[in-house]
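What follows is one structure encoded as structure tokens, with my remarks underneath.
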Amino acid sequence: MSTEGIVVWADGRLRDPAEPLLSPLDHGLTVGDGVFETCGVVRGRPFALTRHLRRLRQSAVGIGLAPPDEDLIREGVEAVLAAGTNLGRLRITVTAGLGPLGSGRWASPQTVLVLAGPAQPADVVRVVRVPWVRNERSAVAGLKTTSYAENAVVLAHARSRGADEALLANTVGELCEGTATNVFVERDGELLTPGLHTGCLAGITRELVLEWSAEAGLPVREAAPGELAYAVLDEVLAGRAHLGLTGSVRTVAPVVELDGAPVAPGPLTQRVRELYAEREAADLDP
Ligand SMILES: Cc1ncc(COP(=O)(O)O)c(C=O)c1O
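For the sequence shown, our numbering assigns the number 42 to the initial residue and increments by one for each residue that follows.
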């Protein structure tokens, strides 16, 4: 564990990462009543901050909180980026503020935290299947809330099996997403990603891959309901399909191992990874 390289901003100023900041009654802490965003940092600037702030607002409103103060958050972002070096990721957290010991809420000012830190994303990913599912009918489906214990459990399971990420089905057996990534399946010359109806997060990287690929004339699209079953992973193991993952810090990463067996990255996934790198370098707030 190390706080080295991490920069923290709260309540209008930079803080020591080891400094206690939150009230024990913060509802983000007691019940995970909050929302967050993680953006990549590219050449010292936040990547796609406008899109991330839009999703932060949607998540906040989606769980019944007021829209967060974007000017305040942008001030925090500038402060941490100016203070840090070799930053790779930015984390914005907004909680319901002080609350009771149970799940009810008090009318309370929100807690706003902005953190930045280093990141060394690997170029390729090893994944495993897991016995748990995403609930596409959950009250918080598709919202980026701070209630992430489920993802922590699933990722610990993946790591204990020598993998970097897990792939989850939803309750009706469709392929859904990873703990912090969206998934793409390359099959029959196309790259498909599960639709938002599966309960996956509307990933910003996923969204940009779909938009930029369409502009470049590449065959990349959202799968129709029922088109991508979790069993497609058997086809990946058999060499008839390939996998790629997307996320703000790893961008587009081909999968090279599934359940401990080597699997080959697909050529279209590789092409999309290159396209993403080109477009990212050309515009930091697309
Ligand atoms: C559950 C989940 N799915 C997908 C993603 C990828 O989203 P993005 O591309 O916006 O980082 C994340 C990001 O952390 C996530 O937490």
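Using N, Cα and C, we set each Cβ at its ideal position, and we do this for glycine too.
Task: Buried/exposed call for Ala322, threshold 16 Cβ in 10 Å - done: Along the sequence shown, read from residue 1 onward, the residue named residue 322 stands at position 281. The residue is exposed, with fewer than 16 neighbouring Cβ atoms inside 10 Å.
- [ ] For Asn211, verify whether its CB is less than 8 Å away from any heavy atom of ligand 1.
- [x] Translated into the one-based positions of the sequence shown, residue 211 becomes position 170. Using a cutoff of 8 Å, the CB of Asn211 does not count as near ligand 1, since none of the ligand's heavy atoms is closer than that.
Task: Continuous alpha helix (DSSP H) stretch holding Trp253: start and end - done: The sequence position of residue 253 within the sequence shown is 212, counting from 1. Looking at the DSSP string, the run of the alpha helix (DSSP H) that includes Trp253 is Ile245 to Glu256.
Open item on the list: Could you tell me the alpha carbon to alpha carbon distance between Asp300 and Ala157, rounded to whole angstroms?
Closed with: Numbered from 1 along the sequence shown, position 259 holds the residue referred to as residue 300. Numbered from 1 along the sequence shown, position 116 holds the residue referred to as residue 157. Distance between the alpha carbons of Asp300 and Ala157 is about 32 Å.
Task: Closest by C-alpha distance to Leu106, when choosing among Ala257, Gly69 and Leu309 - done: Numbered from 1 along the sequence shown, position 65 holds the residue referred to as residue 106. Leu106 has its Cα closest to that of Gly69, out of Ala257, Gly69 and Leu309.
Task: Given 8 Å, three or more beta-carbon pairs between the stretch 119-133 and the stretch 67-82 - done: Yes, since at least three Cβ pairs between the stretch 119-133 and the stretch 67-82 fall closer than 8 Å, the two stretches touch.
TODO: Please name the residue or residues paired with Trp173 in a DSSP beta bridge.
DONE: The residue given as residue 173 occupies position 132 in the sequence shown. For Trp173, which the question treats as bridged, DSSP gives no partner whatsoever.
Open item on the list: Spatial neighbours of Val165 within its chain, please: C-beta separation below 8 Å, excluding the five flanking residues on both sides.
Closed with: Here residue 165 is taken as the residue at index 124 of the sequence shown, counted from 1. Ala294, Pro295, Val296, Val297 and Pro306.
- [ ] Let me know if Arg92 comes out buried or exposed under the rule of 16 or more other beta-carbons within 10 Å of its beta-carbon.
- [x] For the purposes of this step, residue 92 is taken as residue 51 along the sequence shown, with counting starting at 1. Buried, because 16 or more other Cβ atoms sit within 10 Å of the Cβ of Arg92.
TODO: Note down the Cα distance separating Leu154 from Leu113, rounded to an integer number of angstroms.
DONE: To locate residue 154, count along the sequence shown from 1; it is residue 113. To locate residue 113, count along the sequence shown from 1; it is residue 72. So the two alpha carbons sit approximately 10 Å from each other.
- [ ] Given a cut-off of 9 Å, decide if Pro159 and Gly288 are closer than it, judged by their beta-carbon atoms.
- [x] Residue mapping note: residue 288 aligns to position 247 of the sequence shown, counting from 1. Residue mapping note: residue 159 aligns to position 118 of the sequence shown, counting from 1. No, the Cβ-Cβ distance between Gly288 and Pro159 is not below 9 Å.
- [ ] At 4 residues or longer, and completely inside the stretch 104-133: list those alpha helix (DSSP H) runs for me, N to C.
- [x] If only complete runs of 4 or more residues are kept, the stretch 104-133 shows the alpha helix (DSSP H) at 111-124, in order along the chain.
Task: Straight-line Cα distance separating Leu216 from Leu233 - done: Within the sequence shown, residue 233 is the residue found at index 192, counting from 1. Within the sequence shown, residue 216 is the residue found at index 175, counting from 1. In a straight line, the C-alpha of Leu233 is about 11 Å away from that of Leu216.
Open item on the list: Let me confirm a value: Gly53 is counted as buried when at least 16 other C-beta atoms fall within 10 Å, else exposed. Which label applies?
Closed with: Residue 53 sits at position 12 when you count from the first residue of the sequence shown. Exposed.
Open item on the list: Let's see if you can read the secondary structure: which residues bound the alpha helix (DSSP H) around Arg56?
Closed with: Stepping through the sequence shown from its first residue, residue 56 is reached at position 15. No alpha helix (DSSP H) contains Arg56, which is instead part of the beta strand (DSSP E) from Arg54 to Arg56.
TODO: Could you name the residues of the same chain whose beta carbon sits closer than 6 Å to that of Glu231, not counting the 5 residues immediately before and after it, in chain order?
DONE: Position 190 of the sequence shown holds residue 231. If we look at Glu231 and ignore the five residues flanking it on each side, its Cβ neighbours are Pro260.
Open item on the list: Counting only C-beta atoms, is Thr186 closer than 9 Å to chain D at any point?
Closed with: Protein chains in the displayed structure number just one, and chain D is not present.
TODO: Check whether the stretch 171-180 touches the stretch 201-220, taking contact to mean three or more Cβ pairs, one atom from each stretch, closer than 8 Å.
DONE: yes
Task: Counterpart residues of Thr287 in DSSP-defined beta bridges - done: To locate residue 287, count along the sequence shown from 1; it is residue 246. Asn223 and Val293.
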